[in-house]
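Reviewing the structure listed below.
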Amino acid sequence: MKEYKVWAFARSAALNLSALEEQLAEVMREADRRGYIIVNSCMEQKYGTEFWRPALFAMLTAVQQGRVNAVMVQSLDRLSHDLTTLYRILRFLQNHGAVLITTKTNLQYELYLTGVENRILARTARTGKRVPWEVAVDAD
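Taking my numbering, the leading residue of the sequence shown gets 53, the next gets one more, and so forth.
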């Protein structure tokens, strides 16, 4: 198994801070359970359609600087509800050799449903870079 240095990320537009804190705690528990190294974490109360978000850019900066090689979220929509933004984030992760890992959903299926998977797979074929996601296979 690859050693992942993880940035745990949580986002919600809801005003319920305790739910956001629990979302982040759940991601961190799952990262720990899988044996990943948690380098940093953040949470933000912002809409998923916004791109210019301080916590998102802090996480992307850590990826760019090589401090983390994985971003872990509960589900794809915790990063963004906007498909163009999701594609930009996944392309950025791919360019920097990082992966996205989800804790509550089947990431590959979510990507397929949104149509983002095909765009990234086509880009992967063109560039020769690996896909920017990790599909967890539990032994349970």
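Virtual Cβ for every residue (Gly too), placed ideally from N, Cα, C. Being a predicted model, the structure only gives us computed values, none of them experimental.
- In the three-state reduction of the DSSP assignment, residue 115 falls in the helix class, which pools H, G and I.
- Spanning the alpha carbons of residue 165 and residue 175 requires a straight line of approximately 18 Å.
- Exclusion of the five residues before and after residue 64 leaves 71, 72, 75, 97 as the residues of its chain whose Cβ lies within less than 7 Å of its Cβ.
- Within the same chain, Cβ atoms closer than 7 Å to the Cβ of residue 60 are found at 76, 79, 80, 83, 90, 93, 124, the five residues on either side in sequence being excluded.
- A residue is called buried when at least 16 other Cβ atoms come within 10 angstroms of its Cβ; residue 130 meets this threshold and is buried.
- According to DSSP, residue pairing for residue 63 in a beta bridge involves 96.
- In the three-state DSSP reduction, residue 150 falls in the coil class, being neither helix nor strand.
- The C-beta separation of residue 152 from residue 142 comes to about 7 Å, placing the pair in contact by the 8 Å criterion.
- Looking at the DSSP output, residue 124 bridges to 60, 153.
- Comparing alpha-carbon positions, the option among 114, 105, 68, 157 lying closest to residue 149 turns out to be 114.
- In this chain, the alpha helix (DSSP H) harbouring residue 165 covers 159 to 166.
- Judged by DSSP secondary structure, residue 131 falls outside any alpha helix (DSSP H); it is assigned neither H nor E.
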